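Student:
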Amino acid sequence: MNEQVYSVAFKSALTEIRRICPDINESFILMDNGNMVTLEEQNIGPNIMRALRSLQNLTENAESTCGLDDLLIDGEDGEVYVSRVNGMFFITALTKKADVTHLRTITKIVLPTLVKVLDSVSLETAPPPAPLDQPPLFQTTRLESTPAIVPELIVEEENIEETAAIEKIEEAPTQDFQEIYEAKTEEEMEPEDFQQESDLPCQQLIVDMFGGFLVRLDTVQIDSDILDRWSSKLDLKKISEVDVVTFDGKVARCKVKVIRDKKLEARGIIRIPEKLCDKLKLKKGELVKVKPVLPESE
Amino acid sequence: MPRKKIKQIGKLEKADLTSKNETKEQSSDLASILDEIKAQKGVIGYILRADTSAAVDMKDPSKIIDYAILSSSALESAEKISTAFKLGKIDSIVVECSDLKALLVAVGDHRVSVFMEKTMDHKSIYNELM
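Protein chains in written order, with the working numbering: chain G, 119 to 416; chain F, 15 to 144.
In structure tokens, the structure reads:
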């Protein structure tokens, strides 16, 4: 069945839901292929696009806990209810007096039923979904169906703002000691990274800062036990790089070495250079999540 | 003249100290309320964030970072959604995952995220916090 048929069906569903719940100001359906379904009179401005991108980011972050189902934002002048149904997002802006429970019940019944009916009809009418006439307004990234593209290339081509942010960080190290520093934000990480992440072991460690004249900014120190455990689990000779994930979701990719100081061994700490701590806004004693990085060839 | 100046400075310092004390009191009150909430059955834990510090208390410490990331990205997302849909100042955010729920509220200068089982009534937690 043509995707446009889905779009038309969802549009009518939005109209009907709006009739049942008159407190809806705006409503959208963000389909799992990235297409957006809206009522005709609504415009999708840049702010809404930004909001949807951040929603996508939230969805990805929620995958590590147990996946986002619903989001309700209660503001002074209204509410926004986001519901995830069959991989799609149903987004509604409501007035303050709206009955969210009622809306939730309707959404959770109407949309899955509609999807089920459309799916069954499309199975009966054999032709596969036709390509879209227009490119999708908002491209979602799906963990299951990511193309095999090198993540860095996508970052360079598509995300100029984010690249600029990395460059800023990369400028900071002094050239005297040939310090190299790489940092990746959660947003930059491509779906492939997330897919790999789920298989990677990770460890929460307590931050211990260290400084010195010849300290490399890009190298952290971890217990040899942890590195040995990871390398045996991942079947690698050596773990040479790790991702340090901070409390705020910042990610820094660093080289890793073993803690040499015997007093500091087996204490569940990660020794991070002071300058890197400053950049990541980390303090001594805070917790970070540390994950090994797989070598590119493997 | 010099005496007056000294008096003024003294007053300012006093006012500053009073506000600091109030903030401390507010913070300790909030912490005790959160401890009571955490003791309730079904509550997983909480994150209390201020401008320069954060307190975390989770029943399962291995998930602290995941919860912290969920909480910060929910706040960021809610702010952007609020701007897009002109919701004004955010009163509360409820994030529901498949088996847990998070309530995010701003109490004074603090941002509180309470994580609980999905079956729990977040409104009662909200009422306790506000």
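Where a beta carbon is used, it is the ideal one built from N, C-alpha and C, also for glycine.
Note that the structure is a prediction, hence the values are computed from the model and not measured.
Check distances from the C-beta atoms of the region 103-137 of chain F to those of chain G and list, in chain order, the residues that come in under 7 Å.
Tutor: Those would be K103, I104, D105, S106, I107, V108, V109, E110, C111, S112, D113 and L114, in chain order.
Student: So, helix, strand or coil for P391(G), using DSSP?
Tutor: For the purposes of this step, residue 391(G) is taken as residue 273 along the first sequence, with counting starting at 1. Three-state result, P391(G): strand.
Student: Going by alpha carbons, who is nearest to K129(G) out of S145(G), V408(G) and E383(G)?
Tutor: The residue labelled residue 129(G) in the question sits at position 11 within the first sequence. That would be S145(G), whose Cα lies nearest to the Cα of K129(G).
Student: Run through the DSSP bridge pairs and tell me what K373(G) is partnered with.
Tutor: The count along the first sequence starts at 1 and reaches residue 373(G) at position 255. According to DSSP, K373(G) bridges with T337(G) and E359(G).
Student: Residues of chain G with CB closer than 7 Å to the CB of I78(F), please, in chain order.
Tutor: As a first step, residue 78(F) is located in the second sequence; it is residue number 64 there, counting from the start. Under the 7 Å cutoff, chain G gives Q322 and L405.
Student: Please go through the same chain and pick out, in chain order, the residues whose beta-carbon is closer than 6 Å to the beta-carbon of L132(G), but skip the five residues on each side of it.
Tutor: Within the first sequence, the letter at position 14 stands for residue 132(G). Same-chain partners within the cutoff: S145 and L157.
Student: Mind listing the chain G neighbours of L101(F)? Cutoff is C-beta to C-beta under 9 Å, in chain order.
Tutor: One-based indexing of the second sequence puts residue 101(F) at position 87. Neighbours of L101(F) on chain G, chain order: I191, D192, G193, E194, D195, G196, E197, V198 and A211.
Student: Taking only beta-carbon positions, decide if E50(F) is within less than 8 Å of chain G.
Tutor: Translated into positions along the second sequence, residue 50(F) becomes position 36. Not one chain G Cβ lies under 8 Å of E50(F).
Student: According to DSSP, is P247(G) helix, strand or coil?
Tutor: Counting from 1 along the first sequence, the entry for residue 247(G) is found at position 129. Per-residue confidence for P247(G) stands at a pLDDT of 45, beneath the threshold of 50, marking its modelled position as unreliable; the derived number appears in the next sentence. In this structure, P247(G) counts as coil in the three-state DSSP scheme.
Student: Measure from the C-beta of N204(G) to each C-beta in chain F and report whether the shortest distance is under 8 Å.
Tutor: If you number the first sequence from 1, residue 204(G) lands on position 86. By this cut-off, N204(G) is not an interface position.
Student: Smallest Cα separation from D192(G): which of L101(F), L44(F), Y81(F) and A120(F)?
Tutor: Indexing the first sequence from 1 puts residue 192(G) at position 74. D192(G) has its Cα closest to that of L101(F), out of L101(F), L44(F), Y81(F) and A120(F).
Student: Let's test the definition: count the other Cβ atoms within 10 Å of the Cβ of E194(G) and tell me whether it reaches 16, buried, or not, exposed.
Tutor: Along the first sequence, one-based indexing puts residue 194(G) at 76. With fewer than 16 other Cβ atoms within 10 Å, it is exposed.
Student: On the DSSP letters alone, give me the boundaries of the alpha helix (DSSP H) that N141(F) sits inside.
Tutor: Locating residue 141(F) in the second sequence gives position 127, counting from the first residue. Run containing N141(F): H136 to L143, per the alpha helix (DSSP H) assignment.
Student: Straight-line CA distance for S87(F) to V121(F)?
Tutor: Position 73 of the second sequence, counted from the start, is the residue given in the question as residue 87(F). Position 107 of the second sequence, counted from the start, is the residue given in the question as residue 121(F). For S87(F) and V121(F), the distance between alpha carbons rounds to 19 Å.
Student: Going by DSSP, which residues form a beta bridge with H124(F)?
Tutor: Here residue 124(F) refers to the residue found at position 110 when the second sequence is read from its first residue. DSSP, once it has assigned bridges, lists V121(F) as partnering H124(F).
Student: Taking the straight line between their C-alpha atoms, what separation do you get for K356(G) and R347(G)?
Tutor: By 1-based counting over the first sequence, the position of residue 356(G) is 238. By 1-based counting over the first sequence, the position of residue 347(G) is 229. Using only the alpha carbons, I get a separation of about 10 Å.
Student: Specify the secondary structure class of M307(G) as computed by DSSP and reduced to three states.
Tutor: Residue numbering aside, residue 307(G) sits at position 189 when the first sequence is read from its first letter. Any reading at M307(G) is ruled out, since the residue's pLDDT is 45, under 50, leaving its predicted position unreliable.
Student: For L84(F) and chain G, any beta-carbon pair shorter than 8 Å?
Tutor: On the second sequence, position 70 is the one that residue 84(F) refers to. For L84(F), the answer is yes, since a Cβ of chain G falls inside 8 Å of its Cβ.
Student: Apply the 10 Å Cβ neighbour rule to M144(F) and answer buried if 16 or more other Cβ atoms are within range, or exposed otherwise.
Tutor: Numbered from 1 along the second sequence, position 130 holds the residue referred to as residue 144(F). Classification for M144(F): exposed.
Student: Report the residue from D80(F), K55(F) and I51(F) whose alpha carbon sits nearest the alpha carbon of L405(G).
Tutor: Start at 1 with the first residue of the first sequence, and residue 405(G) comes out as number 287. Among D80(F), K55(F) and I51(F), the Cα nearest to that of L405(G) is on D80(F).
Student: Taking Cβ positions only, does I8(F) come closer than 8 Å to chain G?
Tutor: Past the edges of chain F, shown from 15 to 144, lies residue 8(F), and the structure says nothing about it.
Student: Report buried or exposed for H124(F), applying the criterion of at least 16 other Cβ atoms within 10 angstroms of its Cβ.
Tutor: In the second sequence, residue 124(F) corresponds to position 110, counting from 1. Classification for H124(F): buried.
Student: Mind checking which residues open and close the alpha helix (DSSP H) that includes N175(G)?
Tutor: Sequence index remark: in the first sequence, residue 175(G) carries index 57 (1-based). It spans P164 to E181 - the alpha helix (DSSP H) in which N175(G) sits, taken as one unbroken run.
Student: From the beta carbon of S172(G), is the nearest beta carbon of chain F less than 8 Å away?
Tutor: Position 54 of the first sequence, counted from the start, is the residue given in the question as residue 172(G). At least one chain F Cβ lies under 8 Å of S172(G).
Student: Do E90(F) and D188(G) have their C-beta atoms within less than 8 Å of each other?
Tutor: Working through the second sequence from its first residue, we reach residue 90(F) at position 76. Working through the first sequence from its first residue, we reach residue 188(G) at position 70. Not a contact, by the Cβ cut-off of 8 Å.
Student: List, in chain order, every chain F residue whose beta-carbon is nearer than 8 Å to that of A169(G).
Tutor: Position 51 of the first sequence, counted from the start, is the residue given in the question as residue 169(G). Ordered by position in chain F, the residues that pass the 8 Å Cβ test against A169(G) are S91, K94, I95, T97, A98 and F99.
Student: With a CB to CB cut of under 6 Å and the five nearest residues on each side skipped, what residues in its chain are close to M149(G)?
Tutor: Position 31 of the first sequence, counted from the start, is the residue given in the question as residue 149(G). Taken in chain order, the residues that qualify are M206.
Student: Going by DSSP, what residues sit across from S201(G) in a beta bridge?
Tutor: Within the first sequence, residue 201(G) is the residue found at index 83, counting from 1. BP columns for S201(G) point to D188(G) and F208(G).
Student: Name, in chain order, the residues that DSSP records as bridge partners for P409(G).
Tutor: Position 291 of the first sequence, counting from 1, holds the residue named residue 409(G). In the sequence under discussion, the amino acid at residue 409(G) is Lys, which differs from the Pro named in the question. Paired residues: D361(G).
Student: Are the CB atoms of C372(G) and V333(G) nearer to each other than 8 Å?
Tutor: Walking along the first sequence from the start, residue 372(G) turns up at place 254. Walking along the first sequence from the start, residue 333(G) turns up at place 215. No; because the gap between Cβ atoms is not below 8 Å, this pair is not in contact.
Student: One question on the structure: do L84(F) and A384(G) come within less than 8 Å of each other, judged by their Cβ atoms?
Tutor: Reading the second sequence from its first residue, position 70 is the one you call residue 84(F). Reading the first sequence from its first residue, position 266 is the one you call residue 384(G). In this structure, A384(G) does not lie closer than 8 Å to L84(F) by Cβ.
Student: With a cut-off of 8 Å on the beta carbons, I'd call L221(G) and T231(G) a contact; round off their distance for me.
Tutor: Sequence index remark: in the first sequence, residue 221(G) carries index 103 (1-based). Sequence index remark: in the first sequence, residue 231(G) carries index 113 (1-based). So it is not a contact: roughly 16 Å between Cβ atoms.
Student: Would you call G329(G) buried or exposed, if buried means 16 or more other Cβ atoms sit within 10 Å of its Cβ?
Tutor: Against the first sequence, residue 329(G) aligns to sequence position 211. Answer is exposed; the Cβ neighbour count stays below 16.
Student: Does T219(G) get closer than 8 Å to chain F when you measure Cβ to Cβ?
Tutor: Position 101 of the first sequence holds residue 219(G). It does not: the Cβ of T219(G) has no partner Cβ on chain F nearer than 8 Å.
Student: Identify which residue in D74(F), A64(F), K103(F) and A68(F) has its Cα closest to the Cα of M130(F).
Tutor: Residue 130(F) sits at position 116 when you count from the first residue of the second sequence. If we check each option's Cα against that of M130(F), D74(F) comes out closest.
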